[in-house]
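In terms of our numbering, the sequence shown opens at residue 339 and continues consecutively.
All C-beta atoms in this analysis are idealised placements derived from N, C-alpha and C, irrespective of residue type, glycine included.
None of the values given here were measured: they were computed from a predicted structure.
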Amino acid sequence: MQANAHQTGRAHCDGAPVHYERHRPEQTTLYRLVQQHAASFIAHTEASTGSELPGFIKDEFDAFLECGILAHGFLRLRCGDCGHDKLLAFSCKRRGFCPSCGARRMSQTAAHLVEHVIPHVPVRQWVLSLPIPLRLLLAAQPELVTPVLQVVQRVVTRHLLDTASLRAGVGHGGAVTLIQRFGSAANLNIHLHCLVLDGVYRSGADGRPRLHLIRFHGVLAPNAKLRSLVVPQGSPKDEQAPGVAASGIQCEAQTAQGGPARISWARLLKRVFDIDLQRCPNCGAGELKIIAAILERAVIEKILAHLGLDPQPPPKGRVREAGLHFAA
Ligand SMILES: [Zn+2]
Ligand SMILES: [Zn+2]
Numbered sequence: 339m340q341a342n343a344h345q346t347g348r349a350h351c352d353g354a355p356v357h358y359e360r361h362r363p364e365q366t367t368l369y370r371l372v373q374q375h376a377a378s379f380i381a382h383t384e385a386s387t388g389s390e391l392p393g394f395i396k397d398e399f400d401a402f403l404e405c406g407i408l409a410h411g412f413l414r415l416r417c418g419d420c421g422h423d424k425l426l427a428f429s430c431k432r433r434g435f436c437p438s439c440g441a442r443r444m445s446q447t448a449a450h451l452v453e454h455v456i457p458h459v460p461v462r463q464w465v466l467s468l469p470i471p472l473r474l475l476l477a478a479q480p481e482l483v484t485p486v487l488q489v490v491q492r493v494v495t496r497h498l499l500d501t502a503s504l505r506a507g508v509g510h511g512g513a514v515t516l517i518q519r520f521g522s523a524a525n526l527n528i529h530l531h532c533l534v535l536d537g538v539y540r541s542g543a544d545g546r547p548r549l550h551l552i553r554f555h556g557v558l559a560p561n562a563k564l565r566s567l568v569v570p571q572g573s574p575k576d577e578q579a580p581g582v583a584a585s586g587i588q589c590e591a592q593t594a595q596g597g598p599a600r601i602s603w604a605r606l607l608k609r610v611f612d613i614d615l616q617r618c619p620n621c622g623a624g625e626l627k628i629i630a631a632i633l634e635r636a637v638i639e640k641i642l643a644h645l646g647l648d649p650q651p652p653p654k655g656r657v658r659e660a661g662l663h664f665a666a
């Protein structure tokens, strides 16, 4: 999307028009921090521990530094009505610390849970934080998260059954757990956010090597008998944006953990902020369609230079002298 893109036809409550500006990751504090210190951090860590950091950690830094940078390639969109051009940078789609891709995954997951999983009943969030030794143990042995979760679910369900004066087997609880691996200071802090149905369903009444970070329990579990009776029946058409533009913009979309279908980033922005990225910001009427994916260095430079944008990607930092002394 173009840097000065703005949306027409929508106003904030104070009457001012709502603008959408292209995300410029290279100007954020986090980007500059990673850009300047990642190489030194990796060198120091490897020198002080005497072993190489796993490849996926280094890849995470590299991918983050390329995420959303036009100079690393982009999609070119054009308005069918007025011919206005718009550029859409590729994203890293990583699960680590990239705020842009994290926000996208969060919106996707929320949309899926609201429309296809969580019934229209009161839901309470239970947060389970763990003693530090237990956090370290679960980080080293992620398979232990499951038995810990089972204990938590058993205790919470027991509490809800007692409140409803029902015994197990008659009343059925339901919950979705989102496993968080980091605290707010990006420190290692495995903790659990459990969205628990604040009651129980009564049966017969009317009737990888990756760690999965979202777990479904009770009536919300994938194989639960009551699941199809309680989850919302979301409209399937909401999951797929129509048209060529949508299918292209989906290049940037993420599939949520546990989500059966992906929702385009354009639709997620429309859903969360009521900003229509498929509508032409120039004429306000035409629909933007993808006309090309620009990946070749020479073409990228030519187009960006023509538009007055920086054709070179931001430089990556180098290991600094101080770090070498520290490492020694
Ligand atoms: Zn990213
Ligand atoms: Zn237009």
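Residue burial is scored here from C-beta neighbours: S378 has at least 16 other C-beta atoms within 10 angstroms and is therefore classed as buried. DSSP places Q374 in the uninterrupted alpha helix (DSSP H) bounded by 367 to 387. Taking a cut-off of 6 angstroms from the heavy atoms of ligand 2, the residues with a C-beta inside it are C417, D419, C420, H422, C618, N620, C621, G624. Per DSSP, Q479 is not a residue of any beta strand (DSSP E), being assigned neither H nor E. With a threshold of 16 other beta carbon atoms within 10 Å, R505 falls short and is exposed. Contact between the region 366 to 382 and the region 448 to 455 is absent: fewer than 3 CB-CB pairs across the two stretches fall below 8 angstroms. From the listed residues A513, L530, G511, the smallest Cα separation to R519 is found for L530. If you compare the alpha carbons of E364, C621, R432 with that of A409, the shortest gap goes to E364. For the pair F402 and R432, the CB atoms are nearer than the 8 angstroms cut-off. By the neighbour-count definition (other C-beta atoms within 10 Å, threshold 16), T501 is an exposed residue. Relative to ligand 1, the beta carbon of F394 is positioned no closer than 7 angstroms to any heavy atom.
Boundaries of the alpha helix (DSSP H) around G393: 393 to 404.
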